[in-house]
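Line by line, the protein sequences are chains A and B. Adding 35 to a residue's 1-based position in the first sequence gives its number in my numbering. Adding 35 to a residue's 1-based position in the second sequence gives its number in my numbering. All C-beta atoms, glycine included, are put in the ideal place defined by N, C-alpha and C. Heads up: the structure comes next, in structure tokens.
Protein chains: 2
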Amino acid sequence: MEKVCVAVLGLGTVGQGVVRVLNNSAGQWAKKCGADIEIKRALERSKERAAESGLPEGVVTDDWNQIINDTDIKIVIEVLGGIEPARTFIIEALKHGKSVVTANKDVLAEYGEELFAASEASGADLYFEASVGGGIPIINVLKQSLAANNILRIMGIVNGTTNYILTRMTRAGLSFEAALQEAKELGYAEANPTNDIEGFDAARKIAILASIGFHNRVRFKDVHVEGITKITAQDIAHAADLGYAVKLLAIAAEDNQEVEVRVHPALVPLDHPLANVNDVFNAIFVQGDAVGETMFYGRGAGRMPTASSIAGDVIEIVKNLQRDCLGRISCTCYEHKKLKDFGDIVSKYYLRLNVVDRPGVLAGIAGVFGDHGVSLASVIQNTADRKENAELVVITHKVRERDIRDALKVIGEMPTTVGINNLIRVEGS
Amino acid sequence: MEKVCVAVLGLGTVGQGVVRVLNNSAGQWAKKCGADIEIKRALERSKERAAESGLPEGVVTDDWNQIINDTDIKIVIEVLGGIEPARTFIIEALKHGKSVVTANKDVLAEYGEELFAASEASGADLYFEASVGGGIPIINVLKQSLAANNILRIMGIVNGTTNYILTRMTRAGLSFEAALQEAKELGYAEANPTNDIEGFDAARKIAILASIGFHNRVRFKDVHVEGITKITAQDIAHAADLGYAVKLLAIAAEDNQEVEVRVHPALVPLDHPLANVNDVFNAIFVQGDAVGETMFYGRGAGRMPTASSIAGDVIEIVKNLQRDCLGRISCTCYEHKKLKDFGDIVSKYYLRLNVVDRPGVLAGIAGVFGDHGVSLASVIQNTADRKENAELVVITHKVRERDIRDALKVIGEMPTTVGINNLIRVEGS
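Right under this line is the structure:
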């Protein structure tokens, strides 16, 4: 095989990056993977995007049939995003024996099982390194280099938008709203930022990583999700005083054959490798029983980093085509593990309480925590800028989610409690 | 194929880790890679080590012939270390069509070409993820996930011993000698620490990474090497004041088809991801034209992390055996690039000069720098604890190595110069 023909579905930001990477290195592919790579077709309705891509006129089409029915095309690169028509195109391509490279976390996190079934049925490859962490190699790392490990924990900063917002809140003392506005102006946040700031994007990514790490299918709907909209500059300042950075973490862990998967803001100790991951950078921290602690850092989004991962996958598939070993790396969800009830997760917690500033109030609250088995690691009382109320900043020892929730229900109903402002988990310590 | 038989050469620290990882997950391998993995033989002369490994009595042998002539054995895991007999065993195994997994940076950095020739001749696989960065996936990452990139720069902390020493000098203000002594007591440094502290270990590793990253064979002898023995607590304190950490960096970069490969201490800005890599941890920072900046962090040595990488390679080869695609990933040194003359490298420099404390001295020195095209970014003069002499701490802008060396030759001969205490490159800014 001297040449492998590919099709690119979608010539948006990432699609144009893929075209650039594949065409920039034209002539090098034979050395890198044994065959030249030719973009034979691209699916795109917008004439503007087609022109921006620089592809020759005859290559771009708006007719899927010209791709799915072209037996020359061995690899379909899906960078449309969103569920439909991406999902249908991926499944049809796989059914036709075409291998697929996709960056589509939405489809993978909701329809992964269906996709892999189609891939296994026809023997075509399904690669998706770019779906999590943009340019950061993490899917292949988990499937290959770390494959001998029992993975204990995956903890990632996998959303650049929210990491940018939290970094700006930390460094410039901005409010959440101001930092979000800034992110929008810089193109780091979309006009409708819900998917990012509510943690949905991160949840899809951790569902994918958890499925690989724990060999057990985890879907988007299985992930407990909390976004960053309730984080205040005040929380971040308190966290800094206490030696922590505030990050939106996507966490998957296994304990006793039970898997927990969650996305929420967290306090991370400043000496933890994730604490220094700032701006739009992403990083994924992986703990394995043999390898110990590892971390993978880089740009989690953007045209060229995402194209880097996609082109890396294309090279792998071309090698598989050359060596007639498609299907060499397949679905790794061969276990059926229980998902942990969210009330059973164990964490340390940061908590900010507004209470009436009166003798005995702290004793009452501490008593309620004690009754629920919540042990306190530190309590700081601030009264400076308040007249009648005091602010308590509490960090707990490790405690069950259910227990602290129960304690807070009681505390919330106490007449001396003015408000429970925020409850943020403390991870990585 | 229901079972793949392997042999482990050497039951030292790493060999015992390999046995543990392969045996701990017995029963899982079929799910992970399609076949069970059985340690059929281990080569070890020491009865004590054989007993420590926990392998059944009949498995351990001191006779290489029992391994090389056993056609059941498909994979040889070489963890003897050192050049001979490791090199001979690897070559013989490959010539017999047995695939090899090795952690042996010494052999790879000096005889890589010979090894790959043997691998290509017989079609057997040669994998070596554990040879650089211990448990950190970096070889496979460069060969696969980042394969679409033109790599611009690789910059790593790849020696745990020296990173531990520099971390302790930084945090506790220890002298080099005291930190080395501590590292020895903790088992982080060998009785003869030359290989680590003189940078030879790091040089072998960067030769391997450079060969992969730039597709061009780089040997140990091609690497410019400086160790950390001349670094003083004073340099580290000055660096900290200026906003830098001192690290032993292994650097490979390509510029205009010329490759430079070097190991030396360097000042790294505190906000650079490598600056926060401490103790025995390793990290490799990779810059690619598409992916941008990435970093891979973890334990660079030790029994279980190294075994993690080795077992990951074994799984890959078992998959290749199952799919009849040995040789799928082969030598990637298909280019012939020039090695840059060391005088031509460009860097910023930190420099500490002792001079006579007299009017006009600084002007004279600045003049010499200017004559040689060395432009200064900052100059700090300390006189506090000295009577007749002043200490100048200088940071330059980017300058050619040759030019600053020439300038220092002139400055060293000036009657007002008492001593040139240290010249340390500044990287990553």
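Exercise for the section: Take V94(A) and list the residues in its own chain whose beta-carbon comes closer than 8 angstroms to its own, dropping the five residues that flank it on each side. Expected result: I74, K75, R76 and A77
Handout entry: Beta carbon proximity, R393(B) to chain A, threshold 8 angstroms
Key = no
Exercise for the section: Could you tell me which chain A residues have their CB closer than 8 angstroms to the CB of K354(B), listed as they occur along the chain? Expected result: R363 and I364
Problem - CB contact below 8 angstroms: M36(B) versus chain A - result: no
Problem - Candidates S154(A), A218(A) and V142(A): closest to A128(A) by CA position - result: S154(A)
Problem - Residue from L187(A), W64(A), H131(A) and A288(A) with nearest C-alpha to E351(A) - result: W64(A)
Exercise for the section: Following the continuous beta strand (DSSP E) through K75(B), name the residue where it begins and the one where it ends. Expected result: D71 to L78
Exercise for the section: Sort N59(B), L443(B), I110(B) and E37(B) by Cα distance to L361(B) and report the nearest one. Expected result: I110(B)
Practice task
Tell me whether R254(B) is buried or exposed, calling it buried when 16 or more other Cβ atoms sit within 10 Å of its Cβ.
Solution key: buried
Handout entry: Nearest residue (CA-CA) to M190(A), options A318(A), R334(A), M449(A) and N456(A)
Key = A318(A)
Exercise for the section: Look up H259(A) in the DSSP assignment and say whether it is helix, strand or coil. Expected result: strand
Exercise for the section: Tell me whether D270(A) sits in a helix, a strand or coil according to DSSP, three-state version. Expected result: helix
Practice task
Starting from the C-beta of D107(A), find all residues in its chain whose C-beta is less than 8 angstroms away, skip the five residues before and the five after it, and write them out in chain order.
Solution key: C40 and K75
Problem - Burial state of Y369(B) (16 or more Cβ within 10 Å) - result: exposed
Practice task
Would you mind giving the Cβ-Cβ distance between V349(A) and V136(A), rounded to the nearest angstrom? I have them listed as a contact below 8 angstroms.
Solution key: 6 angstroms
Exercise for the section: Tell me, please, which residues DSSP counts as bridged to M190(B). Expected result: I286(B) and F320(B)
Handout entry: Any chain B beta carbon closer than 8 angstroms to T329(A)
Key = yes
Handout entry: Q322(B) versus Y332(A) - alpha carbon distance
Key = 11 angstroms
Exercise for the section: Excluding the 5 residues preceding and the 5 following Y162(A) in the sequence, name in chain order all residues of the same chain whose CB lies nearer than 7 angstroms to its CB. Expected result: V136, D348, E351 and I352
Exercise for the section: Taking only beta carbons into account, state which residues of the stretch 162 to 194 of chain B come closer than 9 angstroms to chain A, listed in chain order. Expected result: E164, G169, G170, I171, P172, I173, I174, N175, V176, Q179, S180, L181, A182, A183, N184 and N185
Practice task
Verify the CB distance criterion: does M339(B) have a CB-CB separation below 8 angstroms to chain A?
Solution key: yes
Exercise for the section: Return the CA-CA distance between H250(B) and R239(B), expressed in angstroms with no decimal places. Expected result: 16 angstroms
Practice task
Could you name the residues of the same chain whose beta carbon sits closer than 6 angstroms to that of S413(B), not counting the 5 residues immediately before and after it, in chain order?
Solution key: I430
Exercise for the section: Compare the C-beta of A77(B) against all C-beta atoms of chain A and say whether one is closer than 8 angstroms. Expected result: no
Practice task
Using a Cβ cut-off of 9 angstroms, pull out every chain E residue sitting near E351(B), in sequence order please.
Solution key: You won't find chain E in this structure, because its protein chains are A and B.
Practice task
Output, in chain order, the set of chain A residues within a Cβ distance shorter than 7 angstroms of P304(B).
Solution key: In chain order: nothing, as chain A lies at least about 12 angstroms away.
Practice task
Consult DSSP for K133(B) and reduce its assignment to one of helix, strand or coil.
Solution key: coil
Practice task
May I ask you to check if the CB of V135(B) is nearer than 7 angstroms to at least one heavy atom of the ligand MN?
Solution key: This structure lacks the ligand MN, and indeed carries no ligand of any kind.
Practice task
Leaving out five residues on either side along the sequence, give the residues of the same chain with a beta carbon under 6 angstroms from the beta carbon of L388(A).
Solution key: L427 and I455
Practice task
Please report how far the alpha carbon of A310(A) lies from the alpha carbon of G447(B), in whole angstroms.
Solution key: 44 angstroms
Handout entry: Under the three-state DSSP convention, the category A2(B) falls into
Key = Given a span of 36 to 464 for chain B in the structure shown, any question on residue 2(B) remains unanswerable.
Problem - Interface flag, N100(A) vs chain B, CB-CB below 8 angstroms - result: no
Practice task
Name the two residues that bound the continuous beta strand (DSSP E) containing M330(B).
Solution key: G327 to R334
Exercise for the section: Please say whether V281(B) and A287(B) have beta carbons closer to each other than 8 angstroms? Expected result: no
Problem - Contact under 8 angstroms by Cβ, V142(B) with A342(B) - result: no
Handout entry: Backbone CA spacing between V43(B) and E37(B) [nearest angstrom]
Key = 20 angstroms
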